[in-house]
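Have a look at the structure below, then the notes.
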Amino acid sequence: MRLLCCLLACVSLNLTASELPDAAHISVTGYSEVTAEPDMAVINISAFEIHKDVLTAKQSLDKKVAGFINKAIKMGINEQDLTAESLYTYPEYEYGKDNKRELIGYRASRNIKVDLHQLEQLSPLLDLALSQGLQQVEQIQFTLKDKSEIELAARAAAVKDAKDKAKALAASFESHVGKVYSVQYRQRSSVPVMKMAMADMAMERGGNNSYVNGEITVRDQVQVVFLLQP
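The following block contains the structure:
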């Protein structure tokens, strides 16, 4: 984890006059960015089956999804980290030479969500999905199992940035920072690492199957009004 404090020295104009003291004061905003390597991934994989009979399409899809889940459990993924989401069925059409729409069967589709706590299992998991006939990876999101540590670090860095700015600005005017008059804490924001995977898992196995984890970034800020001393 490394701290990247954004030193954007500025006097905040967001406070109204009623929120400011009558005495000499300085208002500053402390910013911070903290980054960390992700330690888990959330993968969304979709599968579908098309058959002339809607029940056959559903049953075929159920078999495919169950096969994937059972083998994923055998490779060490916890059952509670595998979620087969809602089943959708709808008619499938195609257009003939006369541009007339014709019913060719029914499509059954389902999404499977995997919470992967061991990133080294990502490539084997995608290989398994391919071998079980799951057609598409919708999204891979790299994230953290526990964000509390990085959030606390971001808050502490934002507070330090505010103090450093206040001291530097006060010194420029031959003054000193006194007590804190007020604090406004802004909601922090977290930027997850997103990676769109192969659109079609029916592509040849020889394709590039590597994924870049990137970093998780948490941004924070705090607005502080300090009283000034001579």
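Sequence positions in the sequence shown follow mature numbering (1 follows the signal peptide of the UniProt record, and there is no 0) and run -17 to -1, 1 to 213.
Ideal placement from N, C-alpha and C gives every residue a C-beta, glycine not left out.
No experiment lies behind these values; they were computed from the predicted model shown.
Under the assumption that residue i contacts residue j (Cβ atoms under 8 Å), give the Cβ distance between them as a whole number of angstroms.
i, j, result
"Y76", "I60", "Not really, about 37 Å apart at Cβ, beyond 8 Å."
"Q204", "T12", "6 Å"
"D144", "Y14", "6 Å"
Using CA atoms only, rank isn't needed, just tell me which of the options is closest to residue i.
i, options, result
"N94", "L113, V48, G197 and A7", "V48"
"residue 214", "Q167, R171 and L99", "An answer regarding residue 214 cannot be provided, because it is not within the stretch -17 to 213 covered by the chain."
"T72", "R169, L38 and A91", "A91"
"E134", "D5, L3, A19 and P4", "A19"
"K41", "A145, Y89 and A140", "Y89"
"R138", "S43, N82, S173 and Q122", "S173"
"S114", "A151, G50 and L102", "G50"
Note down the Cα distance separating residue i from residue j, rounded to an integer number of angstroms.
i, j, result
"P33", "Q206", "Just to set this straight, residue 33 is Ile in the shown sequence, not Pro. Distance between the alpha carbons of I33 and Q206: 57 Å."
"L117", "D110", "10 Å"
"A185", "A149", "Here the model assigns A185 a pLDDT of 42, short of 50, so the residue's position is not dependable, and the following value carries that caveat. Whole-angstrom Cα-Cα distance: 58 Å."
"G197", "P21", "8 Å"
"L127", "A112", "24 Å"
"K35", "P74", "9 Å"
"R171", "V97", "27 Å"
"A7", "E157", "13 Å"
"L70", "S131", "35 Å"
"D45", "N82", "34 Å"
"A140", "L38", "58 Å"
"S43", "R202", "46 Å"
"D129", "A151", "35 Å"
Within its chain, find whatever has a CB closer than 7 Å to the CB of residue i; leave out the 5 residues flanking it on each side and keep chain order.
i, result
"A153", "I9, H159, V160 and L211"
"K80", "none"
Measure the Cβ-Cβ separation of residue i and residue j and say whether it is below 9 Å.
i, j, result
"Q104", "A30", "no"
"T200", "E62", "no"
"F125", "A24", "yes"
"F209", "V142", "no"
"E2", "S155", "no"
"I123", "I26", "yes"
"I28", "E121", "yes"
"M58", "L108", "yes"
By Cβ distance below 6 Å, which residues in the same chain neighbour residue i in space, the five residues on each side in sequence not counted?
i, result
"Q167", "Q206"
"A136", "V17"
"Y78", "R84"
"P4", "Y164"
"residue 214", "Here the chain covers residues -17 to 213 and nothing more, so residue 214 does not appear."
Less than 8 Å between C-beta atoms, sequence neighbours within five positions excluded: which residues of the same chain meet that for residue i?
i, result
"E68", "R93, N94, I95 and K96"
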